[in-house]
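>
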Amino acid sequence: MNEITALIADDEPELRRHLVRLLNQLWPELAIAGEADNGPAALDLFHTLSPDIVFLDINMPGLSGLEVAKQISRKCTIVFITAYDQYAVEAFESEALDYILKPVQKDRLAASLERCKKRMAAPAQENRDLGPLLQLLEKKLARNKTSPFLQWIRAQHRDTIRLIRVEDVLLFKAEDKYTLVITAHTESLIRKTIKELEEELDPDKFWKIHRGTLVNVSSIQKVSRFVTGRYVIRLDGYDDPLMVSRSFSHLFRQM
Amino acid sequence: MPVYEYRRKLTLGHLLKDILYTSLCSLVIAVVFMLVTSVEVTLKIYLEYFLIAQCIGLSISILCTFAFHILKPDKAASQLILVTVCVILGALAGSFLASRLIHHKFVNFQGQVPLQMVFVAIILGFVISFGFVLFEKYTRFKLSANEEKLKRILLEKEKLNADLKLLQAQVEPHFLFNTLSNILSLLEHEPETGRQMLENLTQYLRTSLIQSRKPVNRLADEIDMIQTYLDIYKIRMGKRLAYTLDIPENVRNLEIPPMILQPLVENALKHGLEPKIEGGEIRISACRKEGLLTLEVSDTGMGIKEKSATGVGTGNIRKRLASLFGGRASLSFEDMTPSGLKAIVEMPCE
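Chains V and F, in that order, give the protein sequences.
Going from the first sequence to the working numbering is simple: count from 1 and add 2.
Going from the second sequence to the working numbering is simple: count from 1 and add 20.
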C-alpha cells in the first residue's frame, strides 16, 4: 500500500501546528504533505499534491472550508474542523460527515482517524460527492451574513464615502439622473436611479408611491385621504406631506 | 367616598353568586337575632326569623343589582344615593313580603309590619351593602397589586435578558473556543506565549464582565480591555494583524457607556480582517472637540458590500446611544481607501 498523505488547511498557524503534532502521535505513518492558511492556497496545494485526506477549517479567508470541499470532495476524504457552529455541527452529524471540534481533543481525533482508515481500506468505495449537500449547508451558514436585498447605500459626503443603512432611509426621491436619499438627519445624492433601487430593495419595506418616490414603509406615520380620493402620507421625521399617485393608491386602500 | 366599580355585564352566574352570598348573610343574621331576642328556640320561631331575614336580604340585593345594572351610575355620590334608595325600598318590600308570607302560613302572626323590623332591616342593609362594596374593592386592589408585581417581574426579566445578551456578545463562543485551542497548543511547545495568552484571556473576561455591568467606564479602561482583546487576536492571526491606538491624554478620563467600542472592533476583525487573505490593520482613535467625543474604529479589511447584513451588534449600539443621548449621539460608517471600513461614534461629553 502506498503512503497515505494529508493536507491541513487552517488560517491560524498555531492550530495547524497543534493538529500536525497530534497527527504525528496518533498516526505516525500519515505523511503531512502540505499546509495552507487560506482557501485558495488549500485548493492549489490539493491540485499539486493530491493528498488522500484533507483537514479543512470552515472559517478561512478567501474561500471557506465548505467552498473548498465542494470542489474536491470526490477526490479525497475530508475531515472538517470547526470551533463552534451549531448549524455546521448539526449538519455534519446528520450527514455522517467527519468533523473535529476545536480545541481538538486527542480521543475524538483518534476516533475520527479510525473512521478515515476504515473508509480508505474499502477499495471499491468511491468518495461521496458532497457538492449538493455542501451547497445547501453553505447557504444555511451564509444566510445570516448576506441578504438578497440592498442593505447599504453608498453616498459621497465631501471627500468621503458614507455608508447609509437602508433601514435609516425615510425616502428616495428621483432627481434627474440621480436619486436623493433622505434620512432623518442627512440628504445625499447618489448615482443609482429609482428604477435600479426599486429592483434591489425589499419590496415589503419600500413602497413606490409615485413615479419618482420610494418610501420606507416603517417610517409612514399617517395616511389621509383627500376628498378627491387621493391619498397623502406623512413620514416620521420628514416635514412635507407626500402625494400618492393614483396608480399606486391600491397600496393604501386596504389600510 | 370611593367609586364602586360594579360589573359592566350582568351574567346569570353573577346573579346566582350574589343571591347565594346574600342568602348566607341573611341566615347568619337570622340566627344571631334568634339567639339574642328569643328565650326559647322553636322551629316555628326559627322559620319566622329565617323567612324575614331572607326576604329582606334578597329584596335589597336583587334591587341593588338590577338598579346598578340598569342605571349604571358612575359618580360616587350617585352610587351612594342609589344604594340608599335601594336599601330603603328593599327593606320595606322585604318586610312587607315576609309579613304576608308569615301571615299566610302561621295564622297567629299579627299580620302587620313592625316598625322596628323595618328600621333594623334598613340599618343592617346599609352595613352589609357597604361591606360588600368594600370587600370587592379590596379584592380588586389585591388583583391590581398582583398585576403590578407581575409587571415588575417581567421588566426585571427583560433587563436580565438584555444583560445576558451583552455578556454573550462579549464572549462569543467562536472567539472563546479558538482562543482556547491556541492556548492548548502553545502550552505544549511555547509555554511562555501560552501563559501570556491565557493571562490575556482571563484579564479580558474579567474586565469585560465588570465593565459591562457599570453604566459608564473611563475611556482609558475600555481601551485597555480592547487592547487585551486585540493582543489575543494578534497571537492567533500572527502577521496578518497589526493595530494602532491613538488615544490622546485629554480624552482618557472621559466616561463612555460600556460595549460601544468592543463590538465595533469585533466587527472589524470578524468581517474585515479575518476573511482577508493578507489580513490588515486596525486603528482606534479618539478625539474631543467642542463638547463632542468622536471615536473611530477603522480597518483595512474587506469593507462592506451593499448586501452585507447590517448586524445585530451595530443595531444594539445605536439603540443604546439613542436611549442614553437621544439625537445627540450617532454611529455612522464610511468606506476606507483602498479598502476597509471606518466606524464613527459621536457622543456628547462635558
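Glycine is no exception: its CB is placed at the ideal position from the N, C-alpha and C atoms.
Which term fits F:Asp-266, buried or exposed, when burial requires 16 or more other beta carbons within 10 angstroms of its beta carbon?
So F:Asp-266 ends up on the exposed side.
> For F:Ser-352 and V:Asp-12, what's the separation of their Cα atoms in angstroms?
Roughly 34 Å separates the two Cα atoms.
> Give a yes or no on whether the minimum CB-CB distance between F:His-34 and chain V is below 7 Å.
Cβ-Cβ to chain V under 7 Å: no for F:His-34.
> Output, in sequence order along the chain, the residues in the segment 329 to 346 of chain F whose CB is closer than 8 Å to any CB in chain V.
Listed by position along the chain: Ala-329 and Thr-330.
> Quick one: using the 10 Å Cβ neighbour count with 16 as the cut-off for buried, is V:Ala-85 buried or exposed?
Under this definition V:Ala-85 is a buried residue.
> Counting only the same chain and skipping the five closest in sequence on each side, list residues whose C-beta sits under 6 Å from that of F:Glu-370.
Closer than 6 Å at Cβ, skipping near neighbours: no residue.
> Closest Cβ-Cβ distance between F:Ser-205 and chain V: below 7 Å?
Yes, its Cβ sits closer than 7 Å to a Cβ of chain V.
> With DSSP collapsed to three states, give me the class of F:Val-127.
The predicted model places F:Val-127 with a pLDDT of 45, which falls under 50 and marks its position as unreliable; any figure quoted below should be read in that light. In this structure, F:Val-127 counts as coil in the three-state DSSP scheme.
> Hey, quick one: how far does the beta strand (DSSP E) through F:Ser-350 stretch, first residue to last?
It spans 350 to 355 - the beta strand (DSSP E) in which F:Ser-350 sits, taken as one unbroken run.
> Based on the DSSP secondary-structure assignment, which residues constitute the bridge partners of V:Trp-209?
The partner list for V:Trp-209 (beta bridge, DSSP) reads V:Val-217.
> Closer than 7 Å, Cβ to Cβ, to anything on chain F: give me those residues from the segment 73 to 93 of chain V, in chain order.
The residues in question are Ala-85 and Tyr-86.
> Three or more beta-carbon pairs under 8 Å between the segment 76 to 83 of chain V and the segment 55 to 67 of chain V, yes or no?
Contact holds: three or more Cβ-Cβ distances are below 8 Å.
> Given F:Tyr-69, which residues of its chain have a CB within under 7 Å of its CB, disregarding the five upstream and five downstream residues?
Contacts found: Ala-50, Phe-53 and Met-54.
> Please return the same chain residues whose Cβ sits closer than 6 Å to the Cβ of F:Ala-118, not counting the five positions on each side in sequence.
Same-chain partners within the cutoff: Leu-71, Ile-72 and Cys-75.
> Quick one: which residues of the segment 5 to 16 of chain V get their C-beta closer than 8 Å to a C-beta of chain F? List them in chain order.
Going along the segment 5 to 16 of chain V in chain order, one finds Asp-13, Glu-14, Pro-15 and Glu-16 with a Cβ nearer than 8 Å to chain F.
> Return the Cβ separation of F:Ile-246 and F:Leu-221 in integer angstroms, given the expectation that the two are a contact with Cβ distance under 8 Å.
That belief does not hold up - the Cβ atoms of F:Ile-246 and F:Leu-221 are roughly 14 Å apart, past 8 Å.
> Span of the alpha helix (DSSP H) holding F:Lys-234?
Taken as a continuous stretch (DSSP letters only), F:Lys-234 belongs to no alpha helix (DSSP H), as it is neither H nor E.
> What residue range does the alpha helix (DSSP H) around V:Asp-46 cover?
Taken as a continuous stretch (DSSP letters only), the alpha helix (DSSP H) holding V:Asp-46 covers 41 to 51.
> Three or more beta-carbon pairs under 8 Å between the segment 113 to 124 of chain V and the segment 226 to 246 of chain F, yes or no?
Not touching, per the Cβ criterion.
> If we count the other Cβ atoms within 10 Å of its Cβ and call it buried at 16 or more, is V:Gln-88 buried or exposed?
The residue in question, V:Gln-88, is exposed, as its Cβ has fewer than 16 Cβ neighbours within 10 Å.
> Any contact between the segment 273 to 290 of chain F and the segment 320 to 337 of chain F? By contact I mean 3 or more CB pairs, one from each, below 8 Å.
The answer is yes - the segment 320 to 337 of chain F touches the segment 273 to 290 of chain F, with three or more Cβ pairs under 8 Å.
> Near V:Val-56, what residues of its chain come up, given a Cβ to Cβ distance below 6 Å and the 5 sequence neighbours on each side ignored?
Leu-9, Cys-78 and Ile-80, listed in sequence order.
> Would a check of beta-carbon distances place F:Phe-353 closer than 7 Å to chain V?
For F:Phe-353, the answer is yes, since a Cβ of chain V falls inside 7 Å of its Cβ.
> Measure the alpha-carbon distance for F:Phe-152 versus V:Asp-238 and round it to whole angstroms.
Approximately 51 Å, taken between the alpha carbons.
> Answer with buried or exposed for F:Val-365, where buried requires no fewer than 16 other C-beta atoms within 10 angstroms of its C-beta.
It is buried - the Cβ of F:Val-365 has at least 16 other Cβ atoms within 10 Å.
> Nearest to V:Gln-158 by CA position, among V:Thr-181, V:Glu-14, V:Met-62 and V:Gln-27, is which residue?
The shortest Cα separation from V:Gln-158 among V:Thr-181, V:Glu-14, V:Met-62 and V:Gln-27 belongs to V:Thr-181.
> Among the residues of its own chain, which have a CB less than 6 Å from the CB of F:Tyr-24, if the five just before and after it don't count?
Summary for F:Tyr-24: the model assigns pLDDT 48, below 50, so the residue's position carries little reliability, and this model does not support an answer.
> So, with DSSP's three-state summary, where would you put V:His-187?
V:His-187 falls in the coil class under three-state DSSP.
> For a test of your reading of the model: does the CB of F:Leu-154 fall under 6 Å from any non-hydrogen atom of the ligand GDP? Yes or no.
Only the bare structure without any ligand can be found here, which leaves the ligand GDP out of the picture.
> Taking its Cβ as the centre, do 16 or more other Cβ atoms sit within 10 Å of F:Val-127, making it buried, or is it exposed?
Note on F:Val-127: pLDDT 45, under 50, position unreliable in the model; the coordinate value appears next. Exposed: under 16 other Cβ atoms inside 10 Å.
> Against chain V, does F:Gly-258 count as a neighbour if the rule is that its beta carbon must be under 7 Å from one of theirs?
It does; some Cβ of chain V falls within 7 Å.
> F:Ser-318 and F:Lys-362: beta carbons closer than 7 Å?
Closer than 7 Å, so yes.
> Just to confirm the assignment, what range does the beta strand (DSSP E) spanning F:Cys-307 have?
Here the beta strand (DSSP E) through F:Cys-307 covers 300 to 309.
> Ends of the beta strand (DSSP E) at V:Arg-167?
Its beta strand (DSSP E) spans residues 162 to 167.
> Name the chain V residues whose beta carbon is nearer than 9 Å to that of F:Lys-327?
What F:Lys-327 touches in chain V: Thr-148, Ser-149, Pro-150, Phe-151, Leu-152, Gln-153, Trp-154 and Glu-202.
> Could you list which residues in chain F have their beta carbon closer than 9 Å to that of V:Ile-278, in chain order?
Residue 278 of chain V lies beyond the range of chain V shown here (3 to 257); nothing can be said about it.
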